[in-house]
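Peer 1: Mapping of the sequence shown onto our numbering: residues 224 to 625, in sequence order.
Note that CB positions come from ideal geometry on N, CA and C, so glycine has one too.
To start, I am sharing the structure in question, which I have written as structure tokens.
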Amino acid sequence: MGPRFQNDDRVRLYREMYEQHGPIAPVVLPGDVPCWLVLGYRELHRITSDSALFSRDSGLWNQWPNIPADWPLLPMVGKQPSILYTVGERHHRRSALVSDALAAVDPFELRDRSERFADQLIDRLCGRGSADLIADYAKELPALVLAQLYGFSDQAGAELVPGINALVDGGPDALRGRDRVQAAMSGLLTSRREAPAAGVASRMLHHDYSSDFSFQEILEDMMVNFVAGHQPTADWIGNSLRLMLTDDRFAASLSGGRHSVAEAMNEVLWEDTPSQNIAGRWATRDTQLAGRHIAAGDLLMLSFAAANADPQVRPDRTSFTGGNSAFLSFGHGDHRCPYPAQDIAEGIARTGIEVLLDRLPDVELAVSAHALVWRSSPFLRGLASLPVRFTPTPTSAAGVYR
């Protein structure tokens, strides 16, 4: 949580930790709670490939007797009833339910909806000549698209956005935001249980495996996937736009090029992946890994960001990654981000960036690149704001978003 971790120096910090400790480093979490931080690409791959030895079941943690009820990382590490901490055959069936419901999203429909909401959001700001592309755009677009995909009306989806952002920001309104989102999603599920209709929520309720899980479990998984779909996608949009506005390699995309958009998004998943660290995996028995003795019940924090920059995999970080998609930004193994969810996130993000560049072709940073501030989070990587200026333009035929 120090200043080097919260700014552009974090990659160098990871490298120094790797040089000093190797691919697995002993660290402490708030309250001097011990943990292993997995920095190595191969080690992270091995851990996520062996769910029998490295489990997602947080109940195995050997530190629970030392964890106070108000420990700040409980929302990320605590015992939860969601799909994130389910293991074994039950996780397999739960994962299939979610993946199948998401896989039915039509990619052309996704593109159309993303374009429509992107146009409407840009209509709100295009006449001003300046904007914050995080608050005004990136933090709204994924939630609006996902809400409609799940089955909410346009109006209900728009009303959901402030609660979603309050929840993920973790500020004083976080609990209130969570309650609002949970109430809205519970209401949607209840209505779809009685009257099935199009949308992810209805498909989750009426899946072949849905009878294996309670209403509350399905609600929990819908919450998890909605939030996990929104914030990393918002950060993917923001981080990609930052790269394109500050790196000359992607200047062509600012004058209408398409190929550079995909390249910039891919580069971000290597260099500034939205999902930086995740807690984690727990050793089911004593074992050895990278010369370290891992005790049964030890917590291993997975650093996707450090693994992507592993000097054994990327000895020269100044080289362009091109189309290489071997990053670990979506995880790996049984608990990786579902492939349909990854496709949906990529569709929303790419469409959002392309529409923005089409509508505001001369957009540029309104501050120096060094003045940009990253949000304070050990888990996610995203800008607090992205102030830009551009030539004011008229609204589109999509109409002003309300």
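Would you mind giving the Cβ-Cβ distance between residue 555 and residue 272, rounded to the nearest angstrom? I have them listed as a contact below 8 angstroms.
Peer 2: That pair is a contact at about 7 angstroms.
Peer 1: Quick one: which unbroken beta strand (DSSP E) runs of 3-plus residues sit fully inside the region 561 to 612? Chain order, please.
Peer 2: Counting whole runs of 3 or more residues, the region 561 to 612 contains the beta strand (DSSP E) stretches 610 to 612.
Peer 1: Across which residues does DSSP place residue 502 in a beta bridge pair?
Peer 2: Paired residue(s): 524.
Peer 1: According to DSSP, is residue 281 helix, strand or coil?
Peer 2: DSSP places residue 281 in helix when its eight states are reduced to three.
Peer 1: As an exercise, report each continuous beta strand (DSSP E) stretch of at least 3 residues that is fully enclosed by the region 298 to 376, in chain order.
Peer 2: If we require 3 residues or more, the beta strand (DSSP E) runs fully inside the region 298 to 376 come out as 353 to 355.
Peer 1: Does the beta-carbon distance from residue 611 to residue 354 come in below 7 angstroms?
Peer 2: Cβ distance < 7 angstroms, so residue 611 and residue 354 count as in contact.
Peer 1: So, helix, strand or coil for residue 168, using DSSP?
Peer 2: Summary: the structure shown does not reach residue 168, with the chain confined to residues 224 through 625, and so no result is reported for it.
Peer 1: Helix, strand or coil for residue 260, going by three-state DSSP, please let me know.
Peer 2: Note: residue 260 maps to strand in three-state DSSP.
Peer 1: Would you report the Cα separation of residue 557 and residue 329, rounded to the nearest angstrom?
Peer 2: Between residue 557 and residue 329, the C-alpha separation is close to 25 angstroms.
Peer 1: Could you spell out the range, first to last residue, of the beta strand (DSSP E) harbouring residue 536?
Peer 2: Note, residue 536: premise wrong, no beta strand (DSSP E); not H, not E.
Peer 1: Taking the alpha carbon of residue 464 as the reference point, which residue from 395, 367 and 492 has its own alpha carbon closest?
Peer 2: Comparing Cα-Cα distances from residue 464 to each of 395, 367 and 492, the minimum goes to 492.
Peer 1: Below 8 angstroms CB to CB, which residues in the same chain sit around residue 590 once its five sequence neighbours on both sides are set aside?
Peer 2: So the list reads 610, once near-sequence residues are dropped.
Peer 1: Let me check understanding here. Comparing Cα to Cα, which of 300, 318, 246 and 619 lies closest to residue 256?
Peer 2: Nearest C-alpha to residue 256: 300.
Peer 1: Looking only at its own chain, which residues have a Cβ that is under 7 angstroms from the Cβ of residue 553, when we skip the five neighbours before and after it?
Peer 2: The residues are 559, 560 and 565.
Peer 1: Using beta-carbon positions only, say whether residue 441 and residue 608 come within less than 7 angstroms of one another.
Peer 2: Contact: no.
Peer 1: Examine chain C for any beta-carbon lying closer than 7 angstroms to the beta-carbon of residue 488, and answer yes or no.
Peer 2: No chain C appears in the structure shown, which is made up of a single protein chain.
Peer 1: Taking the C-alpha atoms as reference points, what is the distance between residue 373 and residue 446?
Peer 2: Their Cα atoms are separated by approximately 11 angstroms.
Peer 1: From which residue to which residue does the beta strand (DSSP E) around residue 460 run?
Peer 2: Segment 438 to 469 is the alpha helix (DSSP H) holding residue 460; no beta strand (DSSP E) there.
Peer 1: Suppose the cutoff is 8 angstroms on Cβ atoms and the five residues either side in sequence are ignored; what does the same chain contact list for residue 352 look like?
Peer 2: Counting only Cβ-Cβ distances below 8 angstroms, and skipping sequence neighbours, we find 612, 613, 614 and 615.
Peer 1: Using the C-alpha atoms, what's the distance from residue 405 back to residue 396?
Peer 2: For residue 396 and residue 405, the distance between alpha carbons rounds to 14 angstroms.
Peer 1: Looking at C-beta atoms only, is the number of pairs between the region 242 to 259 and the region 509 to 522 that lie closer than 8 angstroms three or more?
Peer 2: These segments touch.
Peer 1: Would residue 496 and residue 473 qualify as a contact pair, given that the criterion is a beta-carbon distance under 7 angstroms?
Peer 2: Not closer than 7 angstroms, so no.
Peer 1: To the nearest angstrom, report how far apart residue 572 and residue 458 are at their CA atoms.
Peer 2: The straight-line gap from Cα to Cα measures roughly 9 angstroms.
Peer 1: Which residues bound the beta strand (DSSP E) around residue 276?
Peer 2: Segment: none, residue 276 is in no beta strand (DSSP E) and carries neither H nor E.
Peer 1: Is residue 619 closer than 7 angstroms to residue 342 when the C-beta atoms are compared?
Peer 2: Yes, the Cβ-Cβ distance between residue 342 and residue 619 is below 7 angstroms.
Peer 1: Is the beta carbon of residue 520 closer than 7 angstroms to that of residue 285?
Peer 2: Going by C-beta atoms, residue 285 is nearer than 7 angstroms to residue 520.
Peer 1: Under the rule that 16 or more other beta-carbon atoms within 10 Å means buried, what is residue 597, buried or exposed?
Peer 2: Buried is the call here.
Peer 1: So residue 308 and residue 280 are supposed to be a Cβ contact under 8 angstroms. How far apart are they, rounded?
Peer 2: The Cβ separation is near 6 angstroms, so the contact holds.
Peer 1: Taking the alpha helix (DSSP H) that residue 248 belongs to, which residues open and close that run?
Peer 2: Here residue 248 belongs to no alpha helix (DSSP H); instead the beta strand (DSSP E) covers 247 to 252.
Peer 1: For residue 516, which residues does DSSP report across the bridge?
Peer 2: DSSP output for residue 516 lists 511 as bridge partner(s).
Peer 1: Relative to the C-alpha of residue 361, which residue among 462, 234 and 586 is closest?
Peer 2: Among 462, 234 and 586, the Cα nearest to that of residue 361 is on 462.
Peer 1: Return the chain-ordered list of same chain residues with a C-beta closer than 7 angstroms to the C-beta of residue 424, the five sequence neighbours on each side being excluded.
Peer 2: So the list reads 373, 374, 411, 412, 415 and 445, once near-sequence residues are dropped.
Peer 1: Note down the Cα distance separating residue 227 from residue 315, rounded to an integer number of angstroms.
Peer 2: The alpha-carbon atoms of residue 227 and residue 315 are separated by roughly 39 angstroms.
Peer 1: Give me, in chain order, the residues of the same chain whose beta-carbon lies closer than 6 angstroms to that of residue 536; leave out the 5 immediate sequence neighbours on both sides.
Peer 2: Around residue 536: 264.
Peer 1: Put residue 385 into one of helix, strand or coil per three-state DSSP.
Peer 2: The answer is helix: DSSP assigns residue 385 an H, G or I state.
Peer 1: Which two residues bound the contiguous alpha helix (DSSP H) that contains residue 415?
Peer 2: That run of the alpha helix (DSSP H) goes 397 to 417.
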